[in-house]
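Beneath this line is the structure, given in structure tokens, with notes to follow.
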Amino acid sequence: ILGMPMIQHVYRRAMESEVFTSAHVATDDERIYKVCRELLVPVVMTGAEHVSGTDRVYEAACLLDLDQDSVVVNIQGDEPALDPRMLVQLRNVFTDASVSVATLARPLDPSDAALPDIVKVVCAGNGDALYFSRAPIPFVRDTGNMGSEFLAHVGLYAFRLPALRRFTELEPSPLELTEQLEQLRLLENGVPIRVALTDCSTHGVDRPEDIAIVESLLKERTPCKPY
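For the numbering used here, add 360 to where a residue sits in the sequence shown, where the first one is 1.
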């Protein structure tokens, strides 16, 4: 992407946020490990048995021997256009000592609410998630009296280390398996997830045609960078 491995873009976005004492790539792929070593990007080799990125992140945290009061952020490796300000917003949630898990959401156009690939979230008054779903939530019974906007979940997670360990100890839950959304495992087991709102945008690389979109975003967002 713009002459640079995608994982290097993601690492740069993380470090540009200036919120981390350290950032590491966690992978079980020898090719990614080799590229990171060549680029001097910190990398941790994990086992191949993990069923989710969250499990992999916890193994990496253990291998790095992080302090128990650490906040660990899980950034997907296919997010080269991630806006670093989103990581700042996520970090700021933890000024509330009661928060153990946090994520982000953005306003969603109602015309996109029925798309199952866009995960929706509804929240309580304090910002804690009530539910995540691929279905359009909340259901709008009367379009002339819509009391809440649609929110799209942004797949960034931050955990205090004990909460991250707790996730890995829990079995996949019924709603998680139904919706195929791992964050529901926490909600079904009484672990609150604080949701912060963001107006920043990102675009993941899920298919080849996403590359052109991401390259355009990177050029627009960081015109002073040598892309």
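Don't be surprised by glycine CBs; every beta carbon is placed ideally from N, CA and C.
These numbers come from a predicted model, not from an experiment.
For S460, same chain residues with a beta-carbon under 8 angstroms away, outside a window of 5 residues either side, are F519, R520, P522, A523, V551, P552 in chain order. The region 428-446 makes contact with the region 559-566: 3 or more CB pairs, one atom from each, lie closer than 8 angstroms. From the listed residues Q436, L516, D427, the smallest Cα separation to Q368 is found for Q436.
The beta carbon of I361 sits closer than 8 angstroms to the beta carbons of H369, P440, V565, I571, V574, E575, L578 from its chain, once the five residues preceding and following it are set aside; these are given in chain order. One Cα belongs to L535, the other to S458, and the distance between them is close to 25 angstroms. Residue pairing by DSSP places F527 opposite no residue, since no beta bridge is assigned to it. Secondary structure in the region 385-433: the alpha helix (DSSP H) runs of 4 residues or longer, each lying completely within the stretch, are 390-399, 413-423 in chain order. The C-beta distance from T387 to V403 rounds to 7 angstroms, short enough to fall under 8 angstroms. Annotated three-state conformation of D472 is helix, per DSSP. Rounded to whole angstroms, C422 and T406 show a C-alpha spacing of 10 angstroms.
The region 443-506 contains, as complete alpha helix (DSSP H) runs of 4+ residues, the segments 444-452 (chain order). A direct Cα-Cα distance of roughly 33 angstroms separates P365 from A473.
Boundaries of the alpha helix (DSSP H) harbouring V370: 366-376, taken from the DSSP string. When the alpha-carbon of L546 is set against those of V514, T503, T463, E378, the nearest one is in T463. Counting only residues of its own chain and dropping the five nearest sequence neighbours on each side, A556 has a CB closer than 6 angstroms to the CB of Q449, V453, L464. Excluding residues up to 5 positions away in sequence, Q436 lie with their Cβ nearer than 7 angstroms to the Cβ of G515 in the same chain. Rounded to whole angstroms, the Cβ separation of R567 and E539 is 22 angstroms, and the two are not in contact under 8 angstroms. A check of alpha carbon separations from S377 across V433, G413, Y393, H410 identifies V433 as the nearest.
D389 and R501 have their alpha carbons spaced roughly 48 angstroms apart.
Taking the Cα positions, Y371 is about 24 angstroms away from R525. Nearest in C-alpha terms to A512, of all of P476, F527, R466, is R466. V379 sits in coil when the DSSP states are folded into three classes, being neither helix nor strand. The alpha-carbon separation between Y491 and L468 amounts to approximately 16 angstroms.
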